[in-house]
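Novice: Residue numbers (our numbering): 5 to 447.
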Amino acid sequence: MKAGCYITNEAKKEYWKEVILRPGESQEHMHVVNLYPEFQRQTIEGFGGAFTEAAAITFAKLPAEAQEEVLEAYFGKNGLRYNMGRCTIHSCDFGMGNYTYVQEGDETLEIFSIEHDRSQILPLIKRAMGKALEEMIFMAAPWSPPAYMKTNGEMNHGGKLKEEYRALWAEYVTRFLQAYRDEGINVKYITVQNEPEAVQTWESCIYTAKEEGIFVTEYLAPALLKADLTDVGIFIWDHNKEVAFERADETLSVPGAREVVEGVAVHWYTGDHFDALRLIREKYPYKRIFFTEGCVEYSRFADSNEVQKAEMYAHDMAGNLCAGVEAELDWNLILDENGGPNHVGNYCAAPIMCDTVSGKVEKRLSYYYIGHFSRYIRRGAKAIATTSYTDKIDVAAFINPDGERVAVLLNKSGEDLEVTLRESGRGTAVALPAHSIATVTAG
Numbered sequence: 005m006k007a008g009c010y011i012t013n014e015a016k017k018e019y020w021k022e023v024i025l026r027p028g029e030s031q032e033h034m035h036v037v038n039l040y041p042e043f044q045r046q047t048i049e050g051f052g053g054a055f056t057e058a059a060a061i062t063f064a065k066l067p068a069e070a071q072e073e074v075l076e077a078y079f080g081k082n083g084l085r086y087n088m089g090r091c092t093i094h095s096c097d098f099g100m101g102n103y104t105y106v107q108e109g110d111e112t113l114e115i116f117s118i119e120h121d122r123s124q125i126l127p128l129i130k131r132a133m134g135k136a137l138e139e140m141i142f143m144a145a146p147w148s149p150p151a152y153m154k155t156n157g158e159m160n161h162g163g164k165l166k167e168e169y170r171a172l173w174a175e176y177v178t179r180f181l182q183a184y185r186d187e188g189i190n191v192k193y194i195t196v197q198n199e200p201e202a203v204q205t206w207e208s209c210i211y212t213a214k215e216e217g218i219f220v221t222e223y224l225a226p227a228l229l230k231a232d233l234t235d236v237g238i239f240i241w242d243h244n245k246e247v248a249f250e251r252a253d254e255t256l257s258v259p260g261a262r263e264v265v266e267g268v269a270v271h272w273y274t275g276d277h278f279d280a281l282r283l284i285r286e287k288y289p290y291k292r293i294f295f296t297e298g299c300v301e302y303s304r305f306a307d308s309n310e311v312q313k314a315e316m317y318a319h320d321m322a323g324n325l326c327a328g329v330e331a332e333l334d335w336n337l338i339l340d341e342n343g344g345p346n347h348v349g350n351y352c353a354a355p356i357m358c359d360t361v362s363g364k365v366e367k368r369l370s371y372y373y374i375g376h377f378s379r380y381i382r383r384g385a386k387a388i389a390t391t392s393y394t395d396k397i398d399v400a401a402f403i404n405p406d407g408e409r410v411a412v413l414l415n416k417s418g419e420d421l422e423v424t425l426r427e428s429g430r431g432t433a434v435a436l437p438a439h440s441i442a443t444v445t446a447g
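(1) If you reduce the DSSP assignment to three classes, tell me which class C9 lands in.
(2) Can you list, in chain order, the residues of its chain with a C-beta nearer than 8 angstroms to that of C299? Leave out the 5 residues immediately preceding and following it.
(3) With N336 as the anchor, note down where its beta strand (DSSP E) starts and where it stops.
(4) Short of 6 angstroms in beta carbon distance, which residues of its chain neighbour G80, apart from the five on each side in sequence? Order them along the chain.
(5) Per DSSP, T445 forms a beta bridge with which residues?
(6) Going by DSSP, what residue range makes up the alpha helix (DSSP H) through E263?
(7) Does DSSP classify N324 as helix, strand or coil?
(8) Starting from L369 and walking both ways along the alpha helix (DSSP H), at which residues does that stretch end?
(9) Per DSSP, which residues does S392 bridge with? Please list them.
(10) Tell me which residues share the same chain as I11 and place their Cβ nearer than 7 angstroms to its Cβ, disregarding the 5 neighbours each side in the sequence.
(11) Would P27 and I388 be called neighbours here (beta carbons separated by less than 8 angstroms)?
(12) Using DSSP bridges, identify the partner residues of T195.
(13) Out of curiosity, what's the CA-to-CA distance linking A144 and R292?
(14) To the nearest angstrom, how far is it from the Cα of Q204 to the Cα of I210?
(15) Report the start-end ranges of each alpha helix (DSSP H) in the segment 80 to 124 that is 4 residues or longer and not cut off at the edges.
(16) Quick check on this structure: which residue in G447, T445, V423 and S428 has the alpha carbon closest to the alpha carbon of Y436?
(17) Return the residue from the list I240, A77 and Q46 that minimises the CA-CA distance to I194.
(18) Roughly how many angstroms separate the alpha carbons of Q312 and E108, rounded to a whole number?
(19) At which residues does the alpha helix (DSSP H) containing D186 begin and terminate?
(20) Measure how close the beta-carbons of Y273 and N244 come, nearest whole angstrom, since I'm counting them as under 8 angstroms.
(21) Does the pairing of the segment 213 to 221 with the segment 244 to 260 give three or more beta-carbon distances under 8 angstroms?
(22) Counting only beta-carbon separations shorter than 8 angstroms, does S362 have a partner in chain C?
(23) Given a cut-off of 8 angstroms, decide if S117 and E57 are closer than it, judged by their beta-carbon atoms.
(24) Quick one: residues in its chain with C-beta nearer than 6 angstroms to the C-beta of R366, no 5 flanking neighbours on either side, listed in chain order?
(25) Which one of A183, E330 and D395 has the shortest CA to CA distance from G52?
(26) Please report the residue range of the alpha helix (DSSP H) in which F452 lies.
(27) Here's the rule: buried if 16 or more other CB atoms are within 10 angstroms of the residue's CB, otherwise exposed. What is Y78?
(28) Roughly how many angstroms separate the alpha carbons of D281 and E266, rounded to a whole number?
(29) Are the segment 336 to 347 and the segment 33 to 48 in contact at 8 angstroms, needing three or more beta carbon pairs?
(30) Check whether the Cβ atoms of V410 and I381 sit closer than 8 angstroms, and answer yes or no.
(31) Flag this pair as touching only if the segment 317 to 325 and the segment 384 to 400 have three or more C-beta atom pairs under 8 angstroms; answer yes or no.
(32) Output the boundary residues of the alpha helix (DSSP H) element that contains A213.
(33) Does the segment 179 to 197 come close enough to the segment 227 to 236 to have 3 or more Cβ pairs within less than 8 angstroms?
(34) Helix, strand or coil, according to DSSP, for G343 in the structure here?
(35) Can the beta-carbon of V177 be found less than 8 angstroms from the beta-carbon of L224?
(36) Do you know offhand how far R379's Cα is from Q71's?
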């Protein structure tokens with residue numbers, strides 16, 4: 005059996021460097037990472053990032069050659085091979101300001117139009133779809149209903165959806181889904197609200213767990229049924245992991261919610277909390293878990309180096325996927341030289357940063373670390389069980405639909421480590437340099 009190994013080692017400026025390995029009978033006992041493909045877990049849907057207005061504006065400012073470089077880097081064979089994307093339902097913080105698809109005060113939605121998205125957002129999505137190696141699947145989320153539907157009379161600073169507008173807002177969401185599908189964009193999943201516990205200076209809206217359950221069962225699910233959109237999967241929460249189990253548990257306790265909610269979406273901004281995902285899996289094994297947002301915020305991690313930022317990504321991805329996550333969606337695909345545009349100054353980094361003045365495209369180290377997952381784990385893969393001899397190495401392993409084994413090994417330590425990757429008594433020696441990441445494939 006031939007095994008391949010792809011290593012990224014920033015110290016040597018090596019990215020996805022291929023090394024041929026030779027498996028054999030193993031008597032190793034001290035440095036073993038075991039794979040158990042007979043213990044198969046969740047099915048992987050895919051990997052992707054967010055098509056925000058900021059990403060679309062930045063993309064539109066690039067010269068043609070740089071645009072093609074970005075598309076290949078994310079969606080092409082030589083890049084991350086993304087097959088998923090996240091869309092915002094009208095505006096979010098990463099864009100030029102508040103906007104919706106209706107005029108303020110519209111009680112009928114007769115003038116509903118996604119015309120705003122036609123200039124930059126839809127062209128980027130369609131070019132990505134044309135570059136992708138397989139069907140792109142999209143997930144959508146709102147940051148806020150229009151101001152007139154909210155208790156605070158504005159899209160920003162939290163507030164709640166007025167009860168008398170629940171039905172109209174649910175219809176608004178279905179109009180968005182239909183409009184995007186008319187453009188050939190397969191929005192297969194939707195979340196009720198991005199970060200429903202966060203009162204932000206940008207677009208935000210608050211739901212309690214019970215309110216989320218009521219909105220889903222009494223308004224959103226019936227609206228999807230009426231619009232013949234029952235194939236759209238509804239996800240709840242779409243916020244941080246530390247209370248993901250409690251929120252999911254309370255929302256799913258609302259009568260009827262278990263029947264219409266497909267899964268739970270999570271972010272990373274309050275830490276690992278991988279066990280929260282395991283609790284959801286244990287109590288609700290028939291519900292899916294998607295990771296829908298994470299980024300390196302300038303306000304919190306400006307002083308971290310590129311290795312630390314990349315390891316944040318890989319550590320979280322490995323932990324999530326081992327805990328039951330089926331899809332990994334990064335935040336902004338690209339950002340400009342300032343970490344925006346962003347209408348509230350909430351800047352951050354993206355795996356690919358673009359200088360809109362010079363037209364230069366920069367792949368950050370996090371881009372290559374993400375690729376150790378997205379390039380090799382294919383849609384339909386199953387996560388499989390592993391054991392490891394040390395907590396200095398994060399391990400996640402999978403079996404692709406064709407039977408190929410894939411193991412991702414992240415060495416977060418400052419020392420070189422040895423690994424014997426073993427299955428059924430056969431082992432393959434892998435050398436992991438300090439602060440490196442490797443993907444091993446076999447089969």
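Note that the Cβ used here is the ideal one computed from N, Cα and C, for glycine as well.
Specialist: Result, derived from the coordinates:
(1) If you number the sequence shown from 1, residue 9 lands on position 5. C9 falls in the strand class under three-state DSSP.
(2) Here residue 299 refers to the residue found at position 295 when the sequence shown is read from its first residue. Hits under 8 angstroms: D334, W335, N336, C352, A353 and A354.
(3) Stepping through the sequence shown from its first residue, residue 336 is reached at position 332. First-last of the beta strand (DSSP E) with N336: A331 to N336.
(4) Your numbering for residue 80 matches position 76 in the sequence shown. The residues are K135.
(5) Position 441 of the sequence shown, counting from 1, holds the residue named residue 445. DSSP output for T445 lists G8 and V410 as bridge partner(s).
(6) As a working note, residue 263 is residue 259 in the sequence shown. Where E263 is concerned, the enclosing alpha helix (DSSP H) stretches over A261 to V264.
(7) Indexing the sequence shown from 1 puts residue 324 at position 320. In the three-state reduction of the DSSP assignment, N324 falls in the helix class, which pools H, G and I.
(8) Within the sequence shown, residue 369 is the residue found at index 365, counting from 1. Per DSSP, L369 belongs to the alpha helix (DSSP H) from L369 to S378.
(9) In the sequence shown, counting from the first residue as 1, residue 392 sits at position 388. Its beta-bridge partners are V37.
(10) Indexing the sequence shown from 1 puts residue 11 at position 7. Cβ contact annotation for I11 (same chain, cutoff 7 angstroms, sequence separation greater than five): E18, K21, V23, S440 and A442, in chain order.
(11) Within the sequence shown, residue 27 is the residue found at index 23, counting from 1. Within the sequence shown, residue 388 is the residue found at index 384, counting from 1. Contact flag unset, no.
(12) Within the sequence shown, the letter at position 191 stands for residue 195. DSSP lists F239 as partners of T195.
(13) On the sequence shown, position 140 is the one that residue 144 refers to. On the sequence shown, position 288 is the one that residue 292 refers to. Cα-Cα distance, rounded: 16 angstroms.
(14) Indexing the sequence shown from 1 puts residue 204 at position 200. Indexing the sequence shown from 1 puts residue 210 at position 206. Whole-angstrom Cα-Cα distance: 10 angstroms.
(15) 119 to 122
(16) What you label residue 436 is simply residue 432 of the sequence shown in a count that begins at 1. It is Leu, not Tyr, that sits at residue 436 in the sequence shown. Checking every option, the nearest Cα to that of L436 belongs to V423.
(17) To locate residue 194, count along the sequence shown from 1; it is residue 190. Among I240, A77 and Q46, the Cα nearest to that of I194 is on I240.
(18) For the purposes of this step, residue 312 is taken as residue 308 along the sequence shown, with counting starting at 1. For the purposes of this step, residue 108 is taken as residue 104 along the sequence shown, with counting starting at 1. Using only the alpha carbons, I get a separation of about 44 angstroms.
(19) Position 182 of the sequence shown, counted from the start, is the residue given in the question as residue 186. Note, D186: alpha helix (DSSP H), R170 to D186.
(20) Translated into positions along the sequence shown, residue 273 becomes position 269. Translated into positions along the sequence shown, residue 244 becomes position 240. At roughly 5 angstroms, the Cβ-Cβ gap stays under 8 angstroms, so Y273 and N244 are in contact.
(21) yes
(22) No chain C appears in this structure, which consists of one protein chain only.
(23) Counting from one through the sequence shown, the residue named residue 57 turns up at place 53. Counting from one through the sequence shown, the residue named residue 117 turns up at place 113. Not closer than 8 angstroms, so no.
(24) Within the sequence shown, the letter at position 362 stands for residue 366. A small correction: the amino acid at residue 366 is Glu; Arg does not occupy that position in the sequence shown. Answer for E366: M357, listed in chain order.
(25) In the sequence shown, residue 52 corresponds to position 48, counting from 1. Closest by alpha carbon: E330.
(26) With the chain covering only 5 through 447, there is no way to say anything about residue 452.
(27) Start at 1 with the first residue of the sequence shown, and residue 78 comes out as number 74. Y78 is buried by the Cβ-count criterion.
(28) Position 277 of the sequence shown, counted from the first residue, corresponds to residue 281. Position 262 of the sequence shown, counted from the first residue, corresponds to residue 266. Residue identity check: residue 281 is Leu in the sequence provided, not Asp. Computed Cα separation, rounded: 15 angstroms.
(29) no
(30) Within the sequence shown, numbered from 1, the residue matching residue 410 stands at position 406. Within the sequence shown, numbered from 1, the residue matching residue 381 stands at position 377. It is a contact, given that the beta carbons lie within the stated cut-off.
(31) yes
(32) Position 209 of the sequence shown, counting from 1, holds the residue named residue 213. First-last of the alpha helix (DSSP H) with A213: A213 to F219.
(33) yes
(34) Residue 343 sits at position 339 when you count from the first residue of the sequence shown. G343: coil per DSSP, three-state reduction.
(35) On the sequence shown, position 173 is the one that residue 177 refers to. On the sequence shown, position 220 is the one that residue 224 refers to. It is a contact, given that the beta carbons lie within the stated cut-off.
(36) For the purposes of this step, residue 379 is taken as the residue at position 375 of the sequence shown. For the purposes of this step, residue 71 is taken as the residue at position 67 of the sequence shown. The straight-line gap from Cα to Cα measures roughly 20 angstroms.
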